[in-house]
Structures are given as structure tokens and as C-alpha cells.
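Okay, so here's the structure we're looking at.
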Amino acid sequence: MSDATAFAARGRTWRRLRRNPMMTLALGVLMLITLAAILAPVLTPFDPYETNIRARLKPPGDGHILGTDSQGRDLLTRLLYGARTTLLIGFVGTGFGALLGGTIGLCAAFYRRLDSVLMRIIDVFLSFPSILFGLSLAAMLGPGLDSLIFAVGLSVMPGIARISRGAALSIMAQDYMDSGRAIGLPVQRLLSGYLLANAYPPILTYTTLAFGDAVLLAATLGFLGLGLQPPTAELGSIAAEGRSFLFLAPHVSTAASVLIFVIVLSFNLLGDALRDAGDRRSV
Amino acid sequence: MTDQRPFPGIAFRLAGFASAAAIACASAAAAQDTGTVTIGRTSDADRYDPQRSSALAAAEVLYMIGDTLVTLSSDLKTVEPALAESWDISEDGLTYTFHLKEGVTFCDGKAFTAQDVVGSMERWLTPDGPYVSTWKAGTVDSITAPDDMTVVYKLKAPSSGLLYQMAQFNFIIIDPEQAESLGDDFGVTAFNGTGPFCFESWTPNDSVVLSAHEGYSWGSPALGNTGPAKVDRVVWKIVPEEATLAASLQAGEIDASYSLPAWSIAQFDADPSVTLLQPEAAFRTHYLGMKVTRDFMQDIRVREAVSHAIDQSAIAEAIFFGTVEPTESYYAKEALDYDPSIDTAPFAYDPAKTETLLTEAGFTKGDDGFWQKDGTPLTLTYYGFNTSREQAETVQGDLRKAGIELNVELYDSTAIWAKLREQTYDLYQMDYPYLNAGDALNLYFSSASVPSPNRMMWEDEETDRLLEAGNSAVNAEARAEAFMALGKHLHEAILWKPLLLEKPTIAIGPRLVPFEPAGISGAAFGTGLNLELQ
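For the record, the sequence lines run as chains A and B. Under our numbering, think of the first position of the first sequence as 1, with each following residue one higher. Under our numbering, think of the first position of the second sequence as 1001, with each following residue one higher.
Printed below as a string of C-alpha cells:
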């Protein structure tokens, strides 16, 4: 593939992406939620930590758009701050997982001798369901933001490592890799300029899909009580907290769960759209 | 007296409750036999052996299938005869002679004699055995049976609380021969007792089935029906989910329960088909302990400041939906040997006093609204149970409003006990049952109990002296005097922030006749002798 055709493919991908309405919608929703989460302190007049226990579990309306939670705090405010935490864990965790997994995958493809060792290690990671893996890690490291991010990152890492290796292997078979080697390019140039530059589309697609999983895992750990300690807002723990009042004040759990659902769904739609658009076999 | 308390109305009505009840109803289609009472609860015991369990889940069943030598009146202040018809105590308070009731039989027909009492006690007090709560028996010298109807219980040191402790379920008389032959299976596959009900079967985490003990007639007259039981069978059914348990009661799948969530009790108060019952006296206090060895907490003014910042009545009203009462003393004012002259003012919610006290103690309020001293912010650490997340958050919120930052760390019930032995926290959450002031004081405050359960790290000679004086008192006056003085001394030291006083609330469905619940150990169904169908 020459540079010219690569550019053409890239342009085609982008055009196809823009034509996909689901993708536009998902991206819009995600940007909106992310923006709202970042701007939470500006958007809401309420303090996310100020409790007013006597005004707890109020239904939506009456000054509080989504009502109040079990401590009498404004639920919408809690959700915005909760989305902040959850998205932060999702982004940083996936970023960490992608970096680690991508490096492992590329190295495995590039240094053939390392391949079987690295991939067996990845197999060990893959043999644990990600929820069990996350649970044990979070329990081992104790509650806290860093350990949650670490747990989420390690859980998404093996999948990314697999995909990167696969993508990199097919690039390794290309003639230009051999010619690069033949003209004596340094290893780092081969790795980044040749291998990564051409193998990244499937990695990116998979990583986008993994965002959804990461957010879901973060929320699940929070729901199971392995998340952050109070009063930090986190979507999963808000849903868990509301669960005891499902009959009495269904809005608390429902609102938190719907928000998690929307975030995860949007990431999945985005990932799907990216995959479809990047699929070069169907021109 | 049967206490049917009103509960404050809550903001809005149960939405999905009716539909959940309808679902539960369908599964309850198989109606019960006419003589069976089904009691719902959320957790099971590991075994039904009174000497090897300290769980309420074991106590509540064991009180129905076994008897103790003595029991307590419903205000928990008077010792009443049970298997022992009468007793004498020697002048020096060391020898108790129990005269047993005639005609008492075990479920298998075997006659009950003094040998069974001696055998039960011997098994329980075996050194290094797997048996729990043996401290309740006092420092036993010997327990002998001069004849079939007399037991002589000799102590090495007087124990003013012994007779009260003897009403606890650990003192339930077992069949020593059966315990010997069954070994580890005792209280698992079978239990031969003298109680108003007989142990029929147990399916762990599902149900315990009891049938009425034919010919039972030796119940305590002070507690209502003396026997036989008015129902044929009692089934203790496990329903692990609280919300499902509440729905099962509405659907008639269970007849009664006291493991219901607070929100549902508030609902049931408005439901004419459900009656709520509470015992006259049953003591369980929720408190926050303060570690007096920590940098900030060693200053009594800081402890009082913290105490004034927390609003226990808001916790009672909001989190417990008014099903518990806020309290300002370490143990209930109605408990035996409580000194009414104790000054409870330091335990009242009064955030203004927090300001004054912290200023006095040399703290200044920073621009961020938080107190600090010499540049160190007043930040405290709180250890609590992860099942009480809401209460922890409320305490955290209250302290935040008062300018004190609280780091909350919550642990599950398996991990917390080890964490509580550490010296890394300032406040901890706990609740405990007790019979009277002496019982409460003995558990927590002696220097011998450092570091656990004396997690306050309270080492004080005066406390130890008064505790010893109260325990070795040979008459009620001397005991009351010592325990009252000790109670006052400990309240003055501000070691706890008392929060709530909890009594079990039984909710009964339309099939049962309202009865007076029992108070001992919080096992509100008591012997089950007062259970009666409409």
C-alpha cells in the first residue's frame, strides 16, 4: 500500500463515519456527557457533598430536577460528579490498558522470540473473567481511585494486546517491512513509523469498544462496594445506594443506571461505527 | 404492655410494592397448615448449639427449643424462676443453690434432673473447648448435684450479674448425653431440649422446623402462657432479601418477622392488616467510639466538639424512618442501675458548642471553613461497617458542616474486626445488646479489654476499681452504687457519642394474635409460648 492509497483510505473512512447517523448521535451524546461532567461545578448550584438528611429521597421536582438521594443531596449534581469519576476511571484506565496492551502486542509481533512467552502471559490474564479479575485486584489493592484505574486498566489490557498482535502480524508480512529492515532503519522507526502507523485502526476500534467495558467495570466495582469511599460520587455506587430504596424511591437507582447504560451504549455504537468504516474489505 | 408505636408518615407511597407482593403471592399459592406459624428472617445460624454460637440467629431458635434455669421479667429488671423453681445465695455471694422444678422432661421423654444441668455446664466450661461466651458463667469453682433436684453453683469470686446472665441463651440446658454422642453434629442434625418446642429438622439457609412439645407446662408465669404452646408448628424461614421479606409478609407467605427493613416498617404502620409489636424492654445501643490515644481525640474538648456536631435525631428519623430512638447515654435510661443524675448534655446535638469548644482547644477556622491547629487540619478517620454506609455518610456530612473533615473507611463484617484492632482511626461505629448497666460496662471499659473490645484505649484505674466493686458486690444496693458511679464517671470522660436506641420491631400478619415480645438478647419471639393464631 502506498502512502497515497493510505490517505485515500483514511479520507474514505472519515466520510463513511460522517454518513453514519448512529455514530454522530453516539459521539454527540458522549461529548455532551463528558462536557457536562467536566463543567459540573459551573452547571449546578448545589454542593455534591452537602447533606440534608431530613430532605432525603425526594421525588423529582421542587427545585431538584431529579430529586434527592438518600442523604438529601441533589441527585442530578451527584450524577454529574459521579459521571466525572466514572468517566475518569474509564478513560485513564483504558488509556493505561491500551498503552500496555498495545506495546505488548506490537512487541510480540515484532520480536518473534518473545511472542509465545508474552502471549501465554496474556492467556493467563484472559482466562479470568474481567469482573472477577477487577474484583480481586480492587480487593487486594484496597479502595481508592488509583487502584480502581489500575484494576480497570489491567482488565482491558489482554484484549488490546491480542488485537494489536494480530494487526501487527499482518503488517509484519508486508514487503515494506522487509525493505525498511533492508535499508537499515532503526528499530524504533520500524516500530512506530511502519508497524504502529499501519496497524493502529483495529487497535483504535477495539479500544473504543473497550471504553464501554471499562466504564461498565468501574460502575460494577462501585456497585459491589469496592469502589471509592464516601462521599465521592460514582455512578455504580449511586445505583447501589438507591437499590435499598427501589420500592420507596425508584428514581435514584433508575437515573444512575440509565446514565451508565447511555454511556456504555454510546461507546459501543461508536466502536461499531469505527469498525464498519475502517473495514477495507467492503468498499 | 404491648407497645404499638406510631411511626411518622413518610414523603411518598410505595410504588412497586403492590406488584412485588403480587409476585410473592403467586409463589405462596401453597397455603400453610392451620397450626403452623412461619417466621421470616434474613440469615441463618451456623449451628443451633447454645454453647457454640453467639449469633442472634441461633438464640432466637434456641429460646424456643430449650430452657434456662432462670429468666427475666419483661422489664429485664427482676430474675424469674424457669427450670429452677427457687434459689438461695450464700451471704458471701459465692454459693448459689438452685432447686429444680419437678416433672420437667426433654423432647425425647427423658426426665430432666440436676445431672443435666451439671453436664451442660461442664461441657460449656471445658477449658480450650470450642465454646463461646464462657465469661458469662463467672469464675466457677465447682458445679455439683447433691441430689436429683438440687444444683450447687460455687464461684471463686462473687459475681453480681450472674443471675441476669443466666437468663441468656448460652445457659440453655442441653441433653449432655446427646451432645456427647453427636459431637460436631449436635445442634445440626438434632437437638434434644426441654423447651416449649422440639427441634424437628433444619435445612441450612432454608428453614428450621419446630413442633410443639407435648405436655410442656413449666413456662414462666411472669411471661404469659406457661404451656403447652398454642400452635402446632413453628417454621423459621430464610428470605435473604429484605425487600422480598417485606413482600412475603404482605402476601401472607410468612406470618411474622423482625428482620424487616426500616422503610417497610414505616409502611406497615399504615397497613391495617399488619400489626407492629415491640418488647417492653430490649436494649441495643448504636454508638460511635472515640479513640482517646489519638492526637486530636486525646483532648476531651475535641471529643465533646465532635459529639455536639452529630445530629442523632436526624439519623433516627431519616435513615431509620423513626423506628429507633435517638439517645444521649451509653446505655438505656430504663436499664437496671442507670444513674438518672448522669449529665447527658455533652451528647446533645449542638453545633454552636462545637465552635466554642474547638476555639477553646486552640483550633482556628481556615478560609475553607475547616478547623486547623498549628497548620494541621482537623481531619479524623472513621471505621464503619459497609452495611451502614448511609449512617457513615450522614455523620460525615454533619461533621463537614461543623468544619471537621472525616475520612470514612467502610469494611465488610468479615474484615472489620481485624481493622478495628488497629490504632489508625479516631472514630468507629458499633452497636451492642445488653441486659443492664453492669452488662454494658463490663463489656467495653475495663483496661483488661484494651485494645479490643476497649477500642477507645481507655485505661483508667478508677474505672477498673468501680467495675471490680460492682462485680463483687454481694447485694443489689452495693452493686447499683458502684455501677451508677462508674456510669457517671465514664459519661463525664466522653468516650462515645451515643446515637440510637434500637428495639426489635415485630411485624405480624393478620393470622397471628398480637402478643408481648420478649426482650432478652433481642430474640423478640422469646419462647414462642405466646404465639397464637386467630
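Yeah, the Cβ is synthetic: ideal placement off N, Cα and C, and Gly gets one too.
Worksheet item: Excluding five sequence neighbours on each side, which residues of the same chain lie with their C-beta closer than 7 Å to the C-beta of P1081(B)?
Response: V1070, S1220
Item to complete: Can you pull the chain A residues whose beta carbon is under 7 Å from the beta carbon of A1314(B), in chain order?
Response: I53, R54
Item to complete: May I have the straight-line CA-CA distance separating P1514(B) from Q1278(B), to the nearest angstrom?
Response: 10 Å
Discussion item. For Q1267(B), report the span of its alpha helix (DSSP H) as first-last.
Written reply: 1262-1268
Item to complete: Ignore the nearest five residues each way along the sequence and tell me which others in D1049(B)'s own chain have a CB closer than 6 Å to its CB.
Response: F1186, G1187
Item to complete: Check the Cβ-Cβ distances between L1288(B) and every residue of chain A, and say whether any is below 8 Å.
Response: no
Practice prompt. Locate the alpha helix (DSSP H) running through H1489(B), then write down its first and last residues.
Written response: 1476-1492
Worksheet item: Quick check: the stretch 1348-1363 of chain B against the stretch 1252-1270 of chain B, are there 3 or more CB pairs under 8 Å?
Response: no
Item to complete: Taking only the alpha-carbon atoms, compute the straight-line gap between Q1298(B) and L1420(B) and give it to the nearest angstrom.
Response: 18 Å
Worksheet entry | Inter-residue Cα distance where the pair is L224(A) and S237(A) | 8 Å
Worksheet entry | Y1131(B), DSSP secondary structure in three states | coil
Worksheet item: If we ignore side chains and look at the alpha-carbon of each, how far apart do L259(A) and Q1372(B) end up?
Response: 39 Å
Discussion item. Alpha carbons only, please: which of L39(A), F96(A), A173(A), D178(A) is nearest the one belonging to L79(A)?
Written reply: L39(A)
Worksheet item: First and last residue of the alpha helix (DSSP H) that includes F110(A)?
Response: 75-110
Discussion item. Strictly under 8 Å for the Cβ-Cβ distance: is F267(A) near chain B by that measure?
Written reply: no
Worksheet item: Among W1218(B), A1309(B), D1460(B), Y1216(B), which residue has its Cα nearest to the Cα of L1499(B)?
Response: A1309(B)
Item to complete: Name the one or two DSSP bridge partners that D1367(B) has.
Response: None; D1367(B) has no bridge partner.
Worksheet entry | Per-residue burial, M140(A) [other beta carbons within 10 Å of its own, 16 or more giving buried] | exposed
Worksheet item: In the structure shown, what three-state DSSP assignment does P1504(B) receive?
Response: coil
Worksheet item: Are the C-beta atoms of M1393(B) and some chain A residue less than 8 Å apart?
Response: For the sequence presented, residue 1393(B) should be read as Glu rather than Met. It does: the Cβ of E1393(B) has a partner Cβ on chain A nearer than 8 Å.
Practice prompt. Taking the CB atoms as reference points, tell me whether S192(A) and V29(A) lie closer together than 8 Å.
Written response: no
Practice prompt. Starting from K1386(B), find everything on chain A with Cβ-Cβ shorter than 8 Å and list it in chain order.
Written response: Reading off the sequence shown, one finds Asn at residue 1386(B), where the question assumed Lys. Those within 8 Å of N1386(B) in chain A are G225.
Fill in: Within the stretch 1328-1361 of chain B, ranges of the alpha helix (DSSP H) (whole runs, at least 4 residues)
1351-1360
Item to complete: Have a look at V1235(B), L1466(B), A1229(B) and flag the residue whose alpha-carbon is nearest the alpha-carbon of F1445(B).
Response: L1466(B)
Worksheet item: Can you tell me whether DSSP reads Q1032(B) as helix, strand or coil?
Response: Residue placement at Q1032(B) is flagged as unreliable, the pLDDT there being 48, under the threshold of 50; the coordinate-derived value follows with that caveat. Coil.
Discussion item. Tell me which residues share the same chain as R18(A) and place their Cβ nearer than 8 Å to its Cβ, disregarding the 5 neighbours each side in the sequence.
Written reply: T24
Practice prompt. Could you tell me which of F1191(B), T1285(B), N1442(B) sits nearest to D1431(B), measuring between CA atoms?
Written response: T1285(B)
Worksheet item: Since R165(A) sits in a beta bridge, which residues does DSSP pair it with?
Response: Answer is none; R165(A) lacks a bridge partner.
Worksheet item: First and last residue of the alpha helix (DSSP H) that includes P21(A)?
Response: 21-38
Practice prompt. Evaluate D69(A) with the Cβ neighbour count: other Cβ atoms within 10 Å of its Cβ, from every protein chain shown; 16 or more gives buried, anything less gives exposed.
Written response: buried
Fill in: Residue from V1151(B), T1134(B), A1137(B), P1176(B) whose Cα sits closest to the Cα of K1110(B)
P1176(B)
Fill in: Residues that DSSP places opposite E1080(B) in a beta bridge
T1071(B)
Worksheet item: Quick one, which of E1409(B), Y1411(B), K1488(B), K1401(B) has its alpha-carbon nearest L1441(B)'s?
Response: K1488(B)
Worksheet entry | chain B contact for L246(A) (CB, 8 Å cutoff) | yes
Worksheet item: Is there at least one Cβ from chain B nearer than 8 Å to E234(A)'s Cβ?
Response: no
Worksheet item: Cα-Cα, which of T232(A), V117(A), G67(A), L217(A) is closest to S130(A)?
Response: L217(A)
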